[in-house]
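Residue numbers (our numbering), protein chains in the order written: chain A, 1 to 357; chain B, 1001 to 1357.
By construction, the Cβ of each residue, glycine as well, lies at the ideal position given by its N, Cα and C atoms.
All remarks here apply to the structure that follows.
2 protein chains.
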Amino acid sequence: MRQRWFVPERSGILSLEGAAAPYAAIWGRDVLTARLYPKYAATPTAGVHPATPQSFPRKYIFYGIIMTLSKETRIIRDAKELSAFVKSVKHDNKTIGLVPTMGYLHEGHLSLIRAARAKADVVIVSDFVNPTQFGPSEDYATYPRDEQADLAKVQSCGADILFIPTVETLYPNGQGSTWVEVQNLGNILCGASRPGHFRGVATVVTKLLWLSQADYAFFGEKDYQQLTILRRMAQDLGCPTEIIGMPLVREPDGLALSSRNVRLSPDARKQALSLSRGLKKARALFGQGCRDAQKLIAEAQSEIAAQPDTEIQYISLAHPDTLELYTQQVPDQVMMLMAVKVGGVRLIDNMRMDERC
Amino acid sequence: MRQRWFVPERSGILSLEGAAAPYAAIWGRDVLTARLYPKYAATPTAGVHPATPQSFPRKYIFYGIIMTLSKETRIIRDAKELSAFVKSVKHDNKTIGLVPTMGYLHEGHLSLIRAARAKADVVIVSDFVNPTQFGPSEDYATYPRDEQADLAKVQSCGADILFIPTVETLYPNGQGSTWVEVQNLGNILCGASRPGHFRGVATVVTKLLWLSQADYAFFGEKDYQQLTILRRMAQDLGCPTEIIGMPLVREPDGLALSSRNVRLSPDARKQALSLSRGLKKARALFGQGCRDAQKLIAEAQSEIAAQPDTEIQYISLAHPDTLELYTQQVPDQVMMLMAVKVGGVRLIDNMRMDERC
């Protein structure tokens, strides 16, 4: 396999305190040491900061020109090419981390890729808007796509492969030739208003897990029901991949990150904050000792219903592992999940009631 | 992993031509060299015959005492234990061959195990009467079982693992928690009279493929529709396992081997020969140039219907790859498939019309 190299976007971020360093290592994997050309001659010591770029303290300053090389993310579109790559990786006894996405990546996705980067030797990100999980009246055709932006983001997180299959590649005998379906769990909550949605998800994820032969697969807890269903599926089908859930990522003002957020008008975006506010209010009530499901739901509901353009599809309380729904008394470990249309855009959100903010 | 050793049944079969050999290797894998004690002193050369025991020419003779050791087949009942074994095999970059069976093994199964033994480094045979592929009025409870006999047979073929899971092991969240279903192909032929049958097959085979992480999986062409469905499923789901079909095995009198044959009364067994006779007669007619589906089917049908206790479920002509059914004109490559109840026992059989006997 021919491997090209490139200079990543964040090359300039280095950890230096005070003086200069003749050589310094950069965080992360796939990185070479870099030579620094000091502005001021000083002791040749460098403090290498272990933090990720996000948490990098501003007081550190960059003193020199850094030459850093990282592997370029390779785009694969063909299933056979992916299989050949996977085979070579497995032959070297390296581990594979898979991050299945529908593209149009945001910071939530990137947190999954970074988690994969930290845990696995090789990281595969898939970028596929899966038609079989959209209903006929849903937004498959208009779902946002931006392959070039995705590539740059995936690259900055150090992924090895960006897998962008066509529909024909993943459905060689047409859509719906073979289905994988998790019973019961797929019919409640989001499944109630999106029939067939989770069947499409389970089917495409089975394909991606088998094609990638991943040791670990990473999913966000924002799609909490999806995560629960995929865990159940993997257990039911003896899938050797470890399914790893990562925390939901929010904007500073509380909005849960979603590729669909770009479709919110400025006004709708403001109204959409009522989801996280409602969840927090319910959590506060739970923290005060309330275990009445109807009261907890009403607390969130009133916050959201106060907005003019919101249409609540469901607000439910469920067991965090089994998604067993509670309509009367809730136990001490419980999760609130909701789907709300805000200005015509369907948003989901969730929060553990028993966790401190 | 503790590995015990045993002297296999066929230790005595060695390839020697003429004189004796001080040391000789025995066919197959997992075999040690053996010391021969020659009856007549002669040149110390040995011709090692590459054939399988079945094709071993009678003119070769055995001249000495052979001490040969082979690995004992290990029984695994637990999914986690199997996964750990598979992991260690994969770590050594060895290939795995899987032979999924419902037990009560006959020579047809053993031909699959020998094919696996010849192709893969490690052979796993599974022995599981899968409840989800039986209908409520079918013979799940009375399906023949004989674990000890199976173990001896599997061992004689040199399998490494005999996997005998419980129903709870393969269905940790109950039967039908997750289904894998191939559309269309599963509703015709046997699927028409056995609704849900192939869904149960596809589901359990997915589990076994994932648990075993097999490089190759072997299935008999006797269950031709099953083989076709599993090939489609593997292709649809990106399964990296190569699905390998092996020829149907018959008794000398033509009866297709089946675990259910033991349930035939002596009289029914005689009547059951009409299936292969009917297939052969249809094939002869096809060989004479007949391409009329109705005439070919009638040829087989009349042979079977002439028996008093036969009840034909279907006799059909289909494309060997796609199972597309032909009711009028048939092409030059075509297969006849049938299911017939003989004395209350459901039997299936099939034959390529375009192959010479």
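**Message:** If we require 4 or more residues per run, which alpha helix (DSSP H) segments fall completely within the region 1261-1319 of chain B?
**Reply:** 1266-1287 and 1293-1305
**Message:** Between which residues of its own chain and L226 (chain A) is the CB-CB distance below 6 angstroms, once the five residues before and five after are set aside?
**Reply:** The residue given as residue 226 (chain A) occupies position 226 in the first sequence. For clarity, residue 226 (chain A) is Gln in the given sequence; the question names Leu instead. Within the same chain, Q226 (chain A) has close Cβ partners V201.
**Item:** beta strand (DSSP E) runs wholly inside the region 220-269 of chain A, at least 3 long, in chain order
**Value:** 242-246
**Asked** Which residues, in order along the region 232-247 of chain A, keep a beta-carbon less than 7 angstroms from a beta-carbon of chain B?
**Response** R232, M233, Q235, D236, L237, G238, C239 and P240
**N- and C-terminal bounds of the beta strand (DSSP E) containing T1178 (chain B)** = Start at 1 with the first residue of the second sequence, and residue 1178 (chain B) comes out as number 178. Start and end: T1178 to V1182.
**Asked** Going along chain B in order, which residues have a C-beta closer than 8 angstroms to the C-beta of G176 (chain A)?
**Response** As a position in the first sequence, residue 176 (chain A) is number 176, starting the count at 1. Under the 8 angstroms cutoff, chain B gives Q1183.
**Message:** Alpha carbons only, please: which of B:P1172, B:R1117 and B:L1185 is nearest the one belonging to A1079 (chain B)?
**Reply:** Counting from one through the second sequence, the residue named residue 1079 (chain B) turns up at place 79. The residue with the shortest Cα to Cα distance from A1079 (chain B) is B:P1172.
**Asked** Just to confirm, are D127 (chain A) and V89 (chain A) a CB contact at a threshold of 9 angstroms?
**Response** Stepping through the first sequence from its first residue, residue 127 (chain A) is reached at position 127. Stepping through the first sequence from its first residue, residue 89 (chain A) is reached at position 89. Going by C-beta atoms, D127 (chain A) is not nearer than 9 angstroms to V89 (chain A).
**Message:** Could you compute how far the alpha carbon of G176 (chain A) sits from the alpha carbon of V205 (chain A)?
**Reply:** Looking up residue 176 (chain A) in the first sequence gives position 176. Looking up residue 205 (chain A) in the first sequence gives position 205. If you take the alpha carbons of G176 (chain A) and V205 (chain A), they lie about 14 angstroms apart.
**Request:** Tell me F1128 (chain B)'s beta-bridge partners as DSSP assigns them.
**Result:** Numbered from its first residue, the second sequence carries residue 1128 (chain B) at position 128. F1128 (chain B) is not bridged to any residue.
**Message:** Please state whether the Cβ-Cβ distance between W105 (chain A) and S258 (chain A) is less than 9 angstroms.
**Reply:** Residue 105 (chain A) sits at position 105 when you count from the first residue of the first sequence. Residue 258 (chain A) sits at position 258 when you count from the first residue of the first sequence. Note on identity: in this sequence residue 105 (chain A) is Leu, with Trp being the wrong assignment. For L105 (chain A) and S258 (chain A), no; Cβs fall outside 9 angstroms.
**Message:** I'd like to know if A1079 (chain B) contacts chain A, where contact means its C-beta is closer than 9 angstroms to some C-beta of that chain.
**Reply:** Looking up residue 1079 (chain B) in the second sequence gives position 79. Chain A contact via Cβ: present.
**Classification of G1135 (chain B) by the beta-carbon crowding that lies within 10 angstroms, buried from 16 upward** = Counting from one through the second sequence, the residue named residue 1135 (chain B) turns up at place 135. Exposed, by the Cβ-count rule.
**Request:** With 7 angstroms as the limit, tell me which residues of the region 1143-1169 of chain B have their beta carbon closer than that to any beta carbon of chain A; keep them in chain order.
**Result:** none
**Message:** Can you tell me whether Q133 (chain A) is helix, strand or coil according to DSSP?
**Reply:** Here residue 133 (chain A) is taken as the residue at index 133 of the first sequence, counted from 1. Helix at Q133 (chain A).
**Item:** Where the beta strand (DSSP E) containing A116 (chain A) begins and where it ends
**Value:** Indexing the first sequence from 1 puts residue 116 (chain A) at position 116. It is not in any beta strand (DSSP E) - A116 (chain A) instead sits in the alpha helix (DSSP H) that spans E107 to K119.
**Message:** For chain A, check one thing: does any of its Cβ atoms lie closer than 9 angstroms to the Cβ of Q1133 (chain B)?
**Reply:** One-based indexing of the second sequence puts residue 1133 (chain B) at position 133. Chain A, which has no Cβ nearer than 9 angstroms to the Cβ of Q1133 (chain B), makes this no.
**Request:** Grab the span of the beta strand (DSSP E) containing D1349 (chain B) for me, first residue to last.
**Result:** Here residue 1349 (chain B) refers to the residue found at position 349 of the second sequence. From DSSP, the beta strand (DSSP E) with D1349 (chain B) extends over V1345 to R1352.
**Prompt:** If you measure beta-carbon to beta-carbon, which residues of the region 198-225 of chain A are closer than 7 angstroms to chain B?
**Reply:** T206, K207, W210, L211 and Q213
**Item:** Separation of S111 (chain A) from L248 (chain A), as counted between CA atoms
**Value:** Position 248 of the first sequence holds residue 248 (chain A). Position 111 of the first sequence holds residue 111 (chain A). L248 (chain A) and S111 (chain A): Cα-Cα distance of roughly 9 angstroms.
**Prompt:** Exposed or buried, which one is K1087 (chain B) when buried takes at least 16 other CB atoms within 10 Å?
**Reply:** The residue labelled residue 1087 (chain B) in the question sits at position 87 within the second sequence. Exposed, because fewer than 16 other Cβ atoms sit within 10 Å of the Cβ of K1087 (chain B).
**Request:** Pick helix, strand or coil for A1217 (chain B), following the three-state DSSP scheme.
**Result:** What you label residue 1217 (chain B) is simply residue 217 of the second sequence in a count that begins at 1. Three-state DSSP puts A1217 (chain B) in a strand.
**Item:** Neighbouring residues, chain A, relative to S1265 (chain B) (Cβ below 8 angstroms)
**Value:** One-based indexing of the second sequence puts residue 1265 (chain B) at position 265. Within 8 angstroms Cβ-Cβ: nothing; S1265 (chain B) doesn't reach chain A, min ~40 angstroms.
**Beta-bridge partners of M335 (chain A), as assigned by DSSP** = The sequence position of residue 335 (chain A) within the first sequence is 335, counting from 1. A:A318 and A:R352, per the DSSP bridge assignment.
**Asked** CA-CA distance, T1132 (chain B) and L1264 (chain B)?
**Response** One-based indexing of the second sequence puts residue 1132 (chain B) at position 132. One-based indexing of the second sequence puts residue 1264 (chain B) at position 264. Computed Cα separation, rounded: 24 angstroms.
**Request:** Return the CA-CA distance between L337 (chain A) and M1351 (chain B), expressed in angstroms with no decimal places.
**Result:** Working through the first sequence from its first residue, we reach residue 337 (chain A) at position 337. Working through the second sequence from its first residue, we reach residue 1351 (chain B) at position 351. Rounded to the nearest angstrom, the two C-alpha atoms are 56 angstroms apart.
**Request:** Determine the direct distance from the alpha carbon of Q301 (chain A) to that of P308 (chain A), and round the result to whole angstroms.
**Result:** For this step, residue 308 (chain A) is matched to residue 308 along the first sequence. For this step, residue 301 (chain A) is matched to residue 301 along the first sequence. Using only the alpha carbons, I get a separation of about 13 angstroms.
**Prompt:** Is the shortest distance between the beta-carbon of S1088 (chain B) and the beta-carbons of chain A less than 9 angstroms?
**Reply:** Your numbering for residue 1088 (chain B) matches position 88 in the second sequence. For S1088 (chain B), the answer is no, since every Cβ of chain A falls outside 9 angstroms of its Cβ.
**Request:** With V330 (chain A) as the anchor, note down where its alpha helix (DSSP H) starts and where it stops.
**Result:** For the purposes of this step, residue 330 (chain A) is identified with residue 330 of the first sequence, where counting begins at 1. From DSSP, V330 (chain A) is part of no alpha helix (DSSP H); its letter is neither H nor E.
**Message:** Short of 7 angstroms in beta carbon distance, which residues of its chain neighbour A1141 (chain B), apart from the five on each side in sequence? Order them along the chain.
**Reply:** For this step, residue 1141 (chain B) is matched to residue 141 along the second sequence. Closer than 7 angstroms at Cβ, skipping near neighbours: no residue.
**Prompt:** Which one or two residues does DSSP pair with K153 (chain A) in a beta bridge?
**Reply:** The sequence position of residue 153 (chain A) within the first sequence is 153, counting from 1. Beta-bridge pairing links K153 (chain A) to no other residue.
**Prompt:** In this structure, what does DSSP give as the bridge partners for P1100 (chain B)?
**Reply:** Numbered from 1 along the second sequence, position 100 holds the residue referred to as residue 1100 (chain B). B:S1126.
**Message:** Against chain A, does N1187 (chain B) count as a neighbour if the rule is that its beta carbon must be under 9 angstroms from one of theirs?
**Reply:** Counting from one through the second sequence, the residue named residue 1187 (chain B) turns up at place 187. No, N1187 (chain B) lies away from the interface with chain A (no Cβ there is under 9 angstroms from its Cβ).
**Request:** Just the C-alpha distance for E1168 (chain B) and S1316 (chain B), rounded to the nearest angstrom, thanks.
**Result:** Residue numbering aside, residue 1168 (chain B) sits at position 168 when the second sequence is read from its first letter. Residue numbering aside, residue 1316 (chain B) sits at position 316 when the second sequence is read from its first letter. Each residue's Cα considered, the two are about 37 angstroms apart.
**Prompt:** How close, in whole Å, do the beta carbons of L1189 (chain B) and Y1314 (chain B) come, if the pair is a contact with beta carbons under 8 angstroms?
**Reply:** If you number the second sequence from 1, residue 1189 (chain B) lands on position 189. If you number the second sequence from 1, residue 1314 (chain B) lands on position 314. Sure, about 6 angstroms apart at Cβ, within 8 angstroms.
**Request:** Using 10 angstroms around the beta-carbon of D236 (chain A), count the other beta-carbons present and answer buried if the total reaches 16, otherwise exposed.
**Result:** Locating residue 236 (chain A) in the first sequence gives position 236, where the first residue counts as 1. Counting Cβ neighbours within 10 Å, D236 (chain A) comes out buried, since at least 16 surround it.
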